[in-house]
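Residue numbers (this note's numbering), protein chains in the order written: chain A, 1 to 420; chain B, 421 to 840. All C-beta atoms, glycine included, are put in the ideal place defined by N, C-alpha and C. The model shown is predicted, which means the values in this text are computed figures rather than measured ones. Have a look at the structure below before the remarks.
Protein chains: 2
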Amino acid sequence: MSQPYRALSDGSLPEVLAAMPQVREQLGGAFTQWSVQEVGDGNLNLVFIVKGPGGSVIVKQALPYVRLVGDSWPLPLARSYYEHMALTEQTKHVPKLVPKIYHYDRDLALIVMEYLTPHIIMRKGLIQGIEYPLFASHIAEFMAQTLFKTSVLAISAAEHKRRIWAFIDNIALCKITEDLVFTDPYRVAKLNRWTEPFLDDIAAEFREDEKLKLAVQKRKLQFLTSAEAMIHGDLHTGSIMVTPLDTRVIDPEFAFVGPMGFDVGAVIGNLLIAYFAQAGHEERPGARTPYRHWILVQAEQVWRQFNKRFLELWDASKSGEAYMPELFTDPQGAVAFAAEKQRFMRSLFADTVSFAGIKMIRRVLGLAHTEDLESIKDPAVRASCERKVLNLARRLILDADKLTGIGDVTIAARGVLAAQ
Amino acid sequence: MSQPYRALSDGSLPEVLAAMPQVREQLGGAFTQWSVQEVGDGNLNLVFIVKGPGGSVIVKQALPYVRLVGDSWPLPLARSYYEHMALTEQTKHVPKLVPKIYHYDRDLALIVMEYLTPHIIMRKGLIQGIEYPLFASHIAEFMAQTLFKTSVLAISAAEHKRRIWAFIDNIALCKITEDLVFTDPYRVAKLNRWTEPFLDDIAAEFREDEKLKLAVQKRKLQFLTSAEAMIHGDLHTGSIMVTPLDTRVIDPEFAFVGPMGFDVGAVIGNLLIAYFAQAGHEERPGARTPYRHWILVQAEQVWRQFNKRFLELWDASKSGEAYMPELFTDPQGAVAFAAEKQRFMRSLFADTVSFAGIKMIRRVLGLAHTEDLESIKDPAVRASCERKVLNLARRLILDADKLTGIGDVTIAARGVLAAQ
């Protein structure tokens, strides 16, 4: 049944899907009745919506190159393998927060998944000013579960090493992050772009800001060496689909065993981008003030609820190679252990804040921008929003160890918004 | 030519070696002329000295169990594979500081190496009060080269991940460290032993010292998650063979990609054990005072020369995925980068000091003790030395972040020695 890889099209897809029993069942009818629409607007892959008499599915197929750039930038099809493996692991811990998998074909680098409807990409919702009352608790739950339960706080050393091994060859996708997130924005690089000429000054300033560059390189070293947990690796608001009541995390093809704060920082950093982008989307100045406030409350809630859930999982855990609970059973031990967990979370908070800042900068000065800002037509307005993103981001990176809590982050965000 | 695994003996070994051209050449003559002596006094393996008309070799063969404990504790033969791989990597960087490899047989879990003579295990030299004037610079060079050059400060992310992958399944040997070094000494464990009844009080005290236990667990987490460089993994003075002019590091079967400070801490911690053990070996009180002083100077020199050589290698490096030199080329950048390197080394120093303390404690309260202390016949004298080891070790672990340099460590050691 195995087929050699070829990029599929609207025309060739139905016959391929017809060979997959679970997909056939989901779509119903004969494959000739299925309609196909290619909708991929991401940077890397083909994405098809397939509809049949009985239902719909999403088909995601990796291309052997970066879609955003073209076939001059090859990229291994194996990313689909890592995506499927990560999704399978996430499904174990938070089945309701990820799409259901119907079929995976390794040769075709193709995953058939639940078609999420009426979900939209959260980033688009944030641009429209839509509130998602359950988002913060959902994403906090997603991160607490997937990060805690794939860490040695919960699992054996052997299981941890097996997972490191399983993801270690996802080198190409990690390298994209290493280059585009941690390096290019801080040097003259062909792939960089920003809103010219408005941001020329601050782009040059960042390339010469030694403290900033060193702080970012310290985090790059952490990204390269810290095998804390299986992370999503690209957890921005474009990797989250929402309705007011439901939240699903998609696209974990950047997954590997890395630093937890990279995921948490991605969520918070992208909320902060959305915060500053509102000025480009409001009908009149100030119209989005309540929504801006809502976004910052979400950023706070994401951290606070993540912090709470992570600690609850830790308190409930009886296993885990590190900090074995049996070492801290008497009352004094329990008190000291609780304090140590708080210390751990403060350290993770600093990681989070710093990675948030780093993710914000790459979206303004690097290759891949975000729709929140890109969709602002007036370049002067866009640049004004982007400059604020950069100013807050730099502060988060430089002050990561000094900020005492998420409240300090949102206060700083308000300060940057208010500043001239 | 491949043979199934079986533990070899004095009788069966020569015929096996006779099939290895490089070994045959080294030994000379016919295999019937070769003499074999099993000399393994380590915890894990068979070790044979084989002598022929033309020369000698050492043959190290893994047993499928822990020799110290017996076949009730199985241990994978694959550790020989990791040892050979680590030795091969070390040979690239410091060929003069490791034994030459003549042959490796994966199936037999057997490595044939240079017979080092008149080298002795450094620990035995320290017991005898012998000075090794080149030791500190040699071991500093060994560590600086092997740690720096297998880190992402020197190599690409892809090479780093390949090395993580290559060592990731050395799970069983890492697990020995996780259990015996980081866990058992801090709980009631069947394998623990100490000089009873003299140390019963402090052993109990350590099991109830919440701050100490948490500090050690924090380091265990680091050992489990920090993939900084290929480390030797068991770099105590029993893994170093010396003459006054030569130094060779042996036995890297615990190698994996882990935290650099674990190796540096092992060397310094074991020097500090030797320092406190002198009271059990001097002919009259005070006879070894100059030698004690010499040991502490070596501990200082090990750190200082390691620090110096590591920074020299870093300054000379043009590659490396983290802290790419091209980001810091202008004069201001160079100054800031130099300061960041100092910060990195301070952090590595804190790791080193803490791991040193942890390695010291496991040698007094855990399963595997060291000859420095074990060879002290009078249990009261031995316990007195061991108590000092424990007292300094605890201080190193708890104050790792406060100690400003290696001088603070040796001052603390003198303080503990002088205290009643």
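With DSSP as the reference, please indicate the residues paired to residue i in a beta bridge.
i	result
Ser-226(A)	Ser-646(B)
Val-248(A)	Looking at the sequence shown, residue 248(A) is not Val but Arg. For Arg-248(A), which the question treats as bridged, DSSP gives the partners Met-241(A).
Gly-678(B)	Ala-649(B)
Gln-61(A)	Leu-46(A) and Leu-110(A)
Lys-471(B)	Ser-455(B) and Ser-476(B)
Pro-74(A)	Tyr-65(A)
Tyr-524(B)	Ile-531(B)
Ile-120(A)	Val-242(A)
Whose CA, out of the options, lies closest to the CA of residue i?
i	options	result
Pro-553(B)	Thr-667(B), Asp-629(B) and Phe-696(B)	Thr-667(B)
Ala-204(A)	Asp-184(A), Ala-215(A), Gln-222(A) and Lys-218(A)	Asp-184(A)
Val-335(A)	Thr-824(B), Glu-628(B) and Val-662(B)	Glu-628(B)
Lys-843(B)	Tyr-485(B), Leu-837(B), Tyr-502(B) and Ala-770(B)	Because chain B is modelled from 421 through 840, residue 843(B) falls outside the range shown and cannot be assessed.
His-422(A)	Arg-304(A), His-93(A) and Leu-87(A)	Residue 422(A) falls outside the range modelled here, since chain A spans only 1 to 420, and no answer is possible.
Thr-692(B)	Phe-682(B), Val-717(B) and Ala-498(B)	First, the residue type needs correcting, since residue 692(B) is Leu and not Thr in the sequence shown. Selected option, being the one with the closest Cα: Val-717(B).
Thr-32(A)	Gly-11(A), Ile-49(A), Arg-363(A) and Gln-22(A)	Gly-11(A)
Thr-225(A)	Val-267(A), Ile-168(A), Asp-251(A) and Glu-253(A)	Ile-168(A)
Trp-734(B)	Val-722(B), Glu-760(B), Thr-709(B) and Ile-715(B)	Glu-760(B)
Arg-24(A)	Glu-38(A), Gln-37(A) and Ser-56(A)	Ser-56(A)
Asp-263(A)	Glu-196(A), Glu-228(A) and Arg-284(A)	Glu-228(A)
Leu-97(A)	Pro-259(A), Phe-135(A) and Ser-72(A)	Phe-135(A)
Glu-673(B)	Asp-750(B), His-580(B), Phe-618(B) and Leu-655(B)	Leu-655(B)
Leu-546(B)	Pro-710(B), Gln-642(B) and Leu-768(B)	Pro-710(B)
Ile-366(B)	Pro-745(B), Tyr-695(B) and Ala-577(B)	No answer is possible for residue 366(B): the residues shown for chain B start at 421 and end at 840.
Pro-617(B)	Ala-803(B), Leu-837(B), Gly-835(B) and Leu-641(B)	Ala-803(B)
Gln-642(B)	Val-677(B), Asp-671(B), Thr-615(B) and Ile-670(B)	Val-677(B)
Pro-331(A)	Glu-509(B), Ile-584(B), Glu-630(B) and Lys-797(B)	Glu-630(B)
Could you tell me which chain B residues have their CB closer than 9 Å to the CB of residue i, listed as they occur along the chain?
i	result
Phe-429(A)	Outside the modelled stretch of chain A, which goes from 1 to 420, sits residue 429(A), for which no answer is possible.
Glu-89(A)	Here the premise fails: no neighbours, minimum Cβ distance about 17 Å.
Report the neighbours of residue i on chain A: residues whose CB is nearer than 8 Å to its CB, in chain order.
i	result
Glu-760(B)	Leu-214, Gln-217 and Lys-218
How would you list, in chain order, the residues of chain B whose beta-carbon sits under 8 Å from the beta-carbon of residue i?
i	result
Phe-431(A)	The question about residue 431(A) has no answer, for chain A in this structure spans 1 to 420.
Gln-321(A)	Reading off the sequence shown, one finds Glu at residue 321(A), where the question assumed Gln. Chain B residues near Glu-321(A): Glu-598, Lys-640 and Leu-644.
To which residues of the same chain is residue i closer than 6 Å at the C-beta, ignoring the five residues directly before and after it?
i	result
Lys-60(A)	Asn-45, Val-47 and Ile-111
Leu-488(B)	Asn-463
Gly-269(A)	Ala-356, Lys-359 and Met-360
Leu-826(B)	The residue asked about is misnamed: residue 826(B) is Ile in this sequence, not Leu. Around Ile-826(B): Glu-720 and Trp-723.
Gly-658(B)	Ile-541 and Arg-543
Can you list the residues of chain A that residue i reaches, using a CB-CB cut of under 7 Å?
i	result
Ile-499(B)	Contrary to the premise, residue 499(B) reads as Arg rather than Ile in this sequence. Going along chain A, no residue has its Cβ under 7 Å from Arg-499(B), so there is no contact; the nearest lies around 15 Å.
Gly-753(B)	Glu-210
Under 7 Å Cβ to Cβ from residue i, same chain only, skipping five residues before and after it: list those, please.
i	result
Asn-307(A)	Met-345
Ile-817(B)	Leu-632, Ala-635, Val-636, Ser-774, Gly-777 and Ile-778
Leu-77(A)	Tyr-5, Ala-62, Pro-64 and Ala-109
Lys-520(B)	Met-533 and Glu-534
Gly-320(A)	Val-152, Leu-153, Ala-154 and Ile-155
Arg-187(A)	Arg-207
Glu-561(B)	Val-514, Leu-517 and Arg-729
Arg-807(B)	Leu-619 and Ile-622
Pro-494(B)	Pro-484 and Tyr-485
Gln-26(A)	Gly-54, Gly-55, Val-57 and Tyr-102
What does residue i reach in chain B if we use C-beta pairs closer than 7 Å?
i	result
Met-324(A)	Thr-603
For residue i, go through chain A and note every residue whose CB falls closer than 9 Å to its CB, in chain order.
i	result
Ile-591(B)	Ala-157, Ala-158, Lys-161 and Arg-162
Ile-588(B)	Lys-161, Arg-162, Ile-164, Trp-165 and Ile-168
Give me, in chain order, the residues of the same chain whose beta-carbon lies closer than 8 Å to that of residue i; leave out the 5 immediate sequence neighbours on both sides.
i	result
Asp-107(A)	Ser-2, Gln-3, Pro-4 and Tyr-5
Pro-118(A)	Thr-243
Tyr-81(A)	Arg-106 and Ala-109
Glu-915(B)	Outside the shown range of chain B, which is 421 to 840, sits residue 915(B), and nothing can be said about it.
Gln-753(B)	Here residue 753(B) turns out to be Gly, not Gln, going by the sequence shown. Hits under 8 Å: Leu-747.
Next on the checklist: Counting only Cβ-Cβ distances shorter than 7 Å, please list the residues of the region 145-166 of chain A near chain B, keeping chain order.
Outcome noted: Answer set for the region 145-166 of chain A: Val-152, Ala-157, Ala-158, His-160, Lys-161, Ile-164 and Trp-165.
Checklist entry - Closer than 8 Å, Cβ to any Cβ of chain A: which residues of the region 795-810 of chain B, in chain order? => result none
Next on the checklist: Under 7 Å, CB to CB, which of the residues in the region 113-130 of chain A have a partner in chain B?
Outcome noted: none
Item to check | Residues, ordered as in the chain, of the region 220-232 of chain A that lie near chain B by beta-carbon distance below 8 Å | outcome: With the criterion set as a beta carbon lying under 8 Å from some beta carbon of chain B, the members of the region 220-232 of chain A are Lys-220, Leu-221, Leu-224, Thr-225, Ser-226, Ala-227 and Glu-228, in sequence order.
Next on the checklist: If the cut-off is 9 Å on Cβ atoms, which residues from the region 595-607 of chain B count as contacting chain A, listed in chain order?
Outcome noted: Lys-595, Glu-598, Phe-602, Thr-603, Tyr-606 and Arg-607
Item to check | Residues from the region 259-274 of chain A in contact with chain B, defined by Cβ distance under 7 Å | outcome: none
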